[in-house]
């Protein structure tokens, strides 16, 4: 296999490899490191008996990702405050005309689902991502994980039940989410507490992720009154001029706040029945690096 072909084959499958690694790890940098390690093994290894490069590369990447997951778990345990996945810009483009397929991909990379995946074991997470997000056959997943197909089916069933029981319900209509996000921004920035409260579900939650490196609540805030008053107080604080932009992150509309041209924070809403069920705020600067590059 010529050098150009070796590189071309890997680059053809890089989006899938990055997608698998990111969904399992929740961090862009960690996912990119894993994919780079996969490239080194692919380019330097013996490929003479590789008949299906995609399956071979996914197998390498998945195993490397499981190893990385076990390594970063201690880092997650020592994390300051709530942990949220690193946001990524998503644009599924014209290659996915099927609305149902777009919805599956959007949900598999949503903040809510990625948070739930954190509570799965590395093997359960690998099976869930490969099966639910990418549709790999059970037999291929079994080969990837060096497990029997029966064991993989058990892992898949357990992981699916766990995710379904714990993931919040939310609307996936981008238009409705965008509209509610616009109204939310207008009420918060305009200091209209009453208008803000009408948009919040009674049991709304606010989850802030700063890693202790920026101002954000170190505990989850619950109830419309507490969340509304927190947001009202934050918008009243004197700050330098900010630029707020609508973007698509993790398959849904979000607000990207820029300060002096650099990402300062990300805010995304979880919506159900026309009300805001959860507000995600990410302010850890380490998790905004990829958005600055984008």
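Numbering (my numbering), first residue to last: 2 to 295.
Where is the CB? At the ideal position from N, CA and C, for every residue including glycine.
Here the structure is a predicted model, which means the values were calculated and not measured.
**Request:** On a CA-only basis, which of 55, 271, 273 is nearest residue 135? Give me that one, please.
**Result:** 55
**Prompt:** Taking Cβ to Cβ, would you say residue 79 is nearer than 8 Å to residue 62?
**Reply:** no
**Item:** Nearest-angstrom beta carbon gap, residue 222 and residue 231 [assumed within contact, 8 Å]
**Value:** 6 Å
**Asked** Cβ of residue 108 within 8 Å of Cβ of residue 252?
**Response** yes
**Of the listed residues 236, 228, 274, nearest to residue 258 (C-alpha basis)** = 236
**Request:** Can you give me the Cβ contacts of residue 245 inside the same chain, cut-off strictly under 7 Å, excluding the 5 residues immediately before and after it?
**Result:** 186, 256, 258
**Request:** Could you give the DSSP three-state label for residue 50: helix, strand or coil?
**Result:** coil
**Asked** Thinking C-alpha only, which one of 160, 76, 27, 87 is nearest residue 126?
**Response** 160
**Message:** Does residue 254 pass the burial test, meaning 16 or more other C-beta atoms within 10 Å, or should it be called exposed?
**Reply:** buried
**Request:** Could you have a look at residue 179 and say whether DSSP puts it in helix, strand or coil?
**Result:** helix
**Asked** Just checking my contact of residue 260 with residue 243 at CB under 8 Å: how many whole Å lie between their CB atoms?
**Response** 6 Å
**Item:** Cβ contact (3+ pairs, closer than 8 Å) linking the region 173-184 and the region 202-218
**Value:** no
**Request:** With 8 Å as the threshold, decide whether the Cβ of residue 13 is near any Cβ in chain C.
**Result:** Absence of chain C from the displayed structure is noted, only one protein chain being present.
**Item:** Inter-residue spacing [alpha-carbon to alpha-carbon] between residue 267 and residue 48
**Value:** 42 Å
**Asked** Can you name the start and end residues of the beta strand (DSSP E) that residue 254 belongs to?
**Response** 253-260
**CA-to-CA distance, residue 156 to residue 46, given in whole angstroms** = 31 Å
**Asked** In angstroms, rounded to a whole number, what distance separates the CA positions of residue 97 and residue 16?
**Response** Any reading at residue 97 needs caution, since the residue's pLDDT is 48, under 50, leaving its predicted position unreliable; the model's value is listed next. If you take the alpha carbons of residue 97 and residue 16, they lie about 14 Å apart.
**Request:** Confirm, please, whether the CB-CB distance from residue 18 to residue 36 is below 8 Å.
**Result:** yes
**Message:** At a threshold of 7 Å, does residue 67 count as lining the ligand ADP (C-beta to nearest heavy atom)?
**Reply:** What this structure holds is no ligand at all, so the ligand ADP is not there to describe.
**Item:** Among 271, 192, 57, 120, nearest to residue 27 - alpha-carbon criterion
**Value:** 120
**Message:** Can you tell me which residues form a DSSP beta bridge with residue 266?
**Reply:** 258
**Asked** From this set, 23, 292, 271, 66, which residue's C-alpha is nearest residue 201's C-alpha?
**Response** 271
**Asked** Is residue 202 helix, strand or coil by DSSP?
**Response** strand
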